[in-house]
Amino acid sequence: MLANLQLKNKTALIFAVLLLQIIILSIMVLNSYLVIFLGEKITLKVEPVDPRSLFQGDYVILNYSFNNLDLSHIEHDLDPNTGYRDSVFYMVFTPQGEVWVPSFVTQNPAKVQGQVYIKGRGYYYKDLYRQTLHFRPGIEQFFVPEGKGKEIEDQIRKGVVYAQVSVYKGKARVTGLVNQ
Amino acid sequence: MSFNNQLQRELTLWLKEGLITQETADTLYQRYPVTKRSMTQTLALLGSILVGIGVILFFAANWEVMPRWMKIAVVILSFTLSYLSGHYLTHIRRDFPKVGYALICLGSILYGSAIWLIAQIFHLQAEAGMGFMLWYLGVIPIAYLYGSSLNLFLALATLTAWFLAGNYPLGPAFVVFPILLGGTILPLAIRKKDLFNFVAAVVAVYLWFIALGTKLSAADFSLHLGIVSLFILSIVLYLSVHLWDQKKPFFAGNFLLSISFIGIYAALGAFSFNAFLQEFYLYRKFELLNFPYLIAGAILIMAVLKLKERKVSLKDLPLFLLYLLVFPFFPELGKNLPLLIFNNVVFFIFAILAIYYGYLIKSPFIFNLSMVLFAGAIAMKYFDFFFELLPKSAFFIAGGMLLLLGSLILENKRRSLINSMGRGDGLAG
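Chains as they are written, first to last, in this note's numbering: chain A, 1468 to 1647; chain B, -17 to 411.
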C-alpha cells in the first residue's frame, strides 16, 4: 500500500502527484490557448442573459441563433425521418458581411475538412412545420467580474452584441464580447 | 495520553538521541497509524475547508485587478505549498500530523479551485464537463499516497459529481463510473476499514442506479428491473453494515442522545434568529405554541432537584432549555435586540459545551456530531449576519486561517490540554 512507503519514496511520489496535477492544469490551458492562437477568428451574433455559477462566479449566458436552428433553410445531410438524440454534429460557418452564419450541418467530419466548423452535441427532430436542430457547442457562457453581470447585460442590451470566437479543428473558445 | 501520542513523542525523542534510525521510525509510525479523529484534527480540517471555499469564492469573483497568468501562478503556488508543508509536518517534522493532514486536504481543494479558475478564464462551463473528472484524477493519487479519508471522500465526491453533472446518455460514462468507484474508491475504503467512505461509496452506487433507471425508463426499458436492483442493493448495504463490525451498532449506541442533541440545537438555533422570534411572539396566543414553556417548566423541576442533590454535571446539557423562561420578561414588539443577543450567546455556549461534552465522555460520535452542528451554526450565522456586509472570500479565508492557527496552537498544547481536562486517553489520538 502506498501509505506504507518509505519516507524517501513518499516524498518523491508527492512531487510526482504534484507534477501530474500541474500537467492536468497545463493541458487545460494549452487546449484552450491552442484554439485561441491557431484558430480562425469569427464573429457571431448573440443575445445575453445573466446567471451565476457556484464555482466560477458571474457569467452571461450567450444564446446563438444556431442553438435552435431551423434546418429547412440550411444545407444539411441529416435524414429528417431519423431521430437524432444527444448526437455529435459538425456545423460549418461562412462569413456574411462581418458576421459568420451557419451554412451546412453534418454528422460526417470528412465533409467539413478545410472549412471553418464547430463540433458540438445536440438533437434534431422534424414535426409538421419545421426541422429543428438544438445545437450546443459549449460556448454559451462568458464569465464576468463579480457584480458586473447586470451592468454588462444592460450595456449590451442597448446595442447589438456579438461574440468573438476562435475556432480550431472544431473546437471553439469565446475570446470577447463586442458592441457593433 | 493516547498510545499514538506517546509513541509519536517517544519516537521523536529516540530519533534525536540516535537510538533508532529514520527508517525504523518510519516503520514504527506506519505500524501504528493515527486512526481516531481529535478536536485538533477536526478544527484543522474545518479551517482547511473554509480556506478552500474562500479561495474558490475569491477566484469566482473574477476580479480584474489581477492578470490571468498571475491568478494561475498564485493558485498553483498555493496548492504546491499546501501539499509540501503538509508533507513536511506529517512525514518529516512529524510533530504536527493533524494540521499536516489538514493542509494536504487544503492542497486538494486548492487544486480543484485551479481547475475552475482555468475554465473561467477560457469561458468554459466546467460543472457539466470534465472539471470534476480532472479534480478526481488529481485527488485520488493523494488519497492513496497518504491513506487520507478526507482526500478519499473528496475523490468520491468529485467522481460522483462528474457523473451526475454530466447527465450523460446511456453509454461509456455508465460503465466508467462503477469501474472507477469499484477500482479506486472501494478498495481503499475497505483496506482502511473506513466505514464513512464505504457507506458514501454505496450511496454513490445508489445514485448510479437511479440515473440508470431514469435513462432506461426514458429509453423504454423496464423500470421494474431498476427497482428490484435497488432493493437487492439495499439488502446488501444492510448486511454489509452489520457484518462490518457486529460489536459496534451503527449509531454507536448513542442514537437517542444524538437525536436529543439535534433537537436542542434546532430549538436554540431557531430562537437565535430575529425572524423566528417575531413569528413566535405573533402566534404565541395559540396554546400549542406555548409548549416550550411546559418543557422549560419540567426541566426547572429537574434542575431544582439536581441542584438540591448537587448532581449537576455537563451531562445535563438539556438544562439549557431553561433559558426559555426568560422570554416572558422581554417586550413583544419591535426588534428584541437584547433578547436576540442573549439567545445567540446561549446558543453558542451550548454548541461549545456540547463539543466539550463529547470530548469529556470519550464519545467520538457525540464529539463529531457536535462539531458538525457547531460548523452548521457558524455557517447559519455567517449567512444571517455577514452575507451582505463582507466580501465572501475574505470572510471564509480569514475564518479558515483562524481555525488552522487555532488547531496549530491546540496541537502544540495538546498534552497540557488533555491533562487539564483530567483524562488519560481517548479522542486525542
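Idealized CB from N, CA, C, for every residue including glycine. Every value quoted in this text rests on a predicted model; they were computed, and no experiment measured them.
- Between A:R1597 and chain B, the shortest Cβ-Cβ separation is not below 8 Å.
- Closest option to A:T1599, judged by alpha-carbon separation, among A:S1493, A:V1513, A:E1507 and A:D1537: A:D1537.
- Among the CB atoms of chain A, one or more fall inside 8 Å of the CB of B:T62.
- When secondary structure is reduced to three states using DSSP, B:R173 falls in the helix class.
- Here the alpha carbons of B:K80 and B:E(-8) stand approximately 17 Å from one another.
- Taken atom to atom, the span from the alpha-carbon of B:L146 to that of B:L85 is near 28 Å.
- Pairing B:A137 with B:Y118 gives a Cβ-Cβ distance under 8 Å.
- A:S1633 carries a strand assignment under DSSP once its states are collapsed to helix, strand and coil.
- Nearest CB-CB separation between B:Q102 and chain A: below the 8 Å threshold.
- For B:V327, the three-state secondary structure derived from DSSP is helix.
- Sequence-distant Cβ neighbours of A:P1576 in its own chain, meaning closer than 7 Å and more than five residues away, are Y1557.
- No Cβ-Cβ contact shorter than 8 Å links A:T1642 with A:V1566.
- Excluding sequence positions up to five before and after A:V1555, its CB lies within less than 7 Å of the CB of Q1574, K1586 and R1588, all in the same chain and listed in chain order.
- Residue pairing of A:E1507 in beta bridges, as defined by DSSP: A:V1634.
- Residue contact check for B:G120 against chain A: a CB pair falls below 8 Å.
- B:G34 places its beta carbon less than 8 Å from that of B:L92.
- Across the region 56 to 85 of chain B, CB contacts with chain A closer than 8 Å involve I58, F61, T62, Y65, L66, H69, H73 and I74, in sequence order along the chain.
- Note that the region 1629 to 1638 of chain A touches the region 1490 to 1507 of chain A; at least 3 beta-carbon pairs, one per stretch, sit closer than 8 Å.
- In this structure, the straight-line span from the alpha carbon of B:A26 to that of B:H69 is close to 15 Å.
- When CB distances to chain A are screened at a threshold of 7 Å, not a single residue of the region 330 to 343 of chain B falls below it.
- In the DSSP assignment, the residues bridged to A:L1644 are A:A1630.
- According to DSSP, residue pairing for A:M1558 in a beta bridge involves A:V1572 and A:I1585.
- Residues D1525, Y1526, V1527 and I1619 of the same chain have their beta carbon placed closer than 7 Å to that of A:V1611, with the five preceding and five following residues left out of the count.
- Within the region 1483 to 1509 of chain A, V1484, L1485, L1487, Q1488, I1489, I1491, L1492, M1495, V1496 and S1499 place their CB atoms closer than 7 Å to a CB of chain B, listed in sequence order.
- By DSSP's assignment, A:T1599 forms a beta bridge with A:D1537 and A:Y1592.
- Put simply, of B:I192, B:L88, B:A125 and B:G36 the residue whose alpha carbon is nearest the alpha carbon of A:L1480 is B:A125.
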